[in-house]
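Residue numbers (my numbering): 3 to 306.
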């Protein structure tokens with residue numbers, strides 16, 4: 003599963019990793035302040051738990067937007083740096099990693115909107131492939147296979163984010179090729195090689211769950227006594243939620259980059275030297291409207 007190589011590459015991008023950690027620390031502090039403010043308002047105006055739950059719903063929406071449009075841009079720059087290290091073993095001397103990653107993505111995609119469109123189409127195709135694989139296991143009349151199919155579905159859903167980042171890395175490794183053509187090649191190669199990618203995704207699920215649990219338990223050391231000494235159930239709940247949020251932010255900052263690198267390395271090493279097979283392209287056309295749209299865009303770009 004290339005975990006040792008993934009750690010090596012991740013440590014080579016230490017400046018970018020530190021940048022991401024600082025961003026997520028700031029995010030965690032901001033979330034903590036927001037939760038404290040919402041809790042204060044709930045105590046001031048009444049409503050208690052319902053007011054706090056509404057505040058959590060608003061927070062989740064804001065975090066989703068932030069993750070999609072701001073954190074994703076930071077992440078794509080990190081992917082560009084990882085891809086360069088994977089392909090050449092080093093970056094140009096004297097470059098700032100964060101600036102290098104940002105400039106590489108801008109040079110490749112020209113406009114941020116194009117990056118988001120490609121990402122959404124790639125995600126759509128990957129989900130279609132995953133649904134097809136899960137549905138196939140469900141129709142096989144083998145006792146106990148339904149539970150296995152359910153587990154596979156969870157793993158595939160977890161893998162979607164990291165596989166689309168691996169396809170982006172594949173795009174960045176082919177700067178001379180049209181972005182739509184390389185994206186099409188990438189998703190076809192994923193469909194051809196889903197088994198080793200699923201194996202890596204399964205390992206990463208275990209890593210992510212274990213890391214979150216460890217972070218949560220470590221944070222309980224300072225926050226647990228505060229919750230125990232707090233007056234009222236509301237304050238106890240506040241400290242518990244804050245512990246969960248901070249543990250999740252630590253996972254985002256430290257473990258998600260490792261998961262991303264692992265999937266990128268697995269994908270690139272697995273598909274190296276392969277060509278997309280026509281039969282897989284036909285299958286994707288049958289099961290995914292997103293793939294048909296991607297193929298049309300690749301054809302249109304080829305005629306320009």
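Glycine residues also receive a C-beta, built at the ideal position from the N, C-alpha and C atoms.
CB contact flag (residue i, residue j, <8 Å)
i, j, result
"residue 55", "residue 263", "no"
"residue 269", "residue 172", "yes"
"residue 259", "residue 19", "yes"
"residue 33", "residue 247", "yes"
"residue 286", "residue 190", "yes"
"residue 296", "residue 182", "yes"
"residue 229", "residue 221", "no"
"residue 202", "residue 87", "no"
"residue 72", "residue 57", "no"
"residue 36", "residue 61", "yes"
Secondary structure of residue i, DSSP reduced to three states
i, result
"residue 4", "coil"
"residue 245", "helix"
"residue 275", "coil"
"residue 22", "helix"
"residue 98", "coil"
"residue 179", "coil"
"residue 234", "coil"
"residue 92", "coil"
"residue 305", "helix"
"residue 141", "Model confidence at residue 141 stands at a pLDDT of 48, short of 50, so the residue's coordinates are unreliable; what they give is reported in the following sentence. Reduced to three states, the DSSP call for residue 141 is helix."
"residue 195", "coil"
"residue 113", "coil"
"residue 66", "helix"
Given residue i as reference, the closest of the options once Cα atoms are compared
i, options, result
"residue 252", "211, 178 and 185", "211"
"residue 128", "108, 10, 103 and 160", "160"
"residue 238", "38, 130 and 284", "38"
"residue 177", "45, 31 and 82", "82"
"residue 291", "222, 273 and 123", "123"
"residue 126", "293, 184 and 302", "293"
"residue 136", "118, 155 and 120", "155"
"residue 185", "256, 80 and 119", "119"
Classification of residue i by the beta-carbon crowding that lies within 10 angstroms, buried from 16 upward
i, result
"residue 304", "exposed"
"residue 192", "buried"
"residue 90", "exposed"
"residue 141", "In this prediction, residue 141 has a pLDDT of 48, which is less than 50 and means its spatial position is unreliable; what the coordinates show is noted afterwards. Answer is exposed; the Cβ neighbour count stays below 16."
"residue 42", "exposed"
"residue 95", "exposed"
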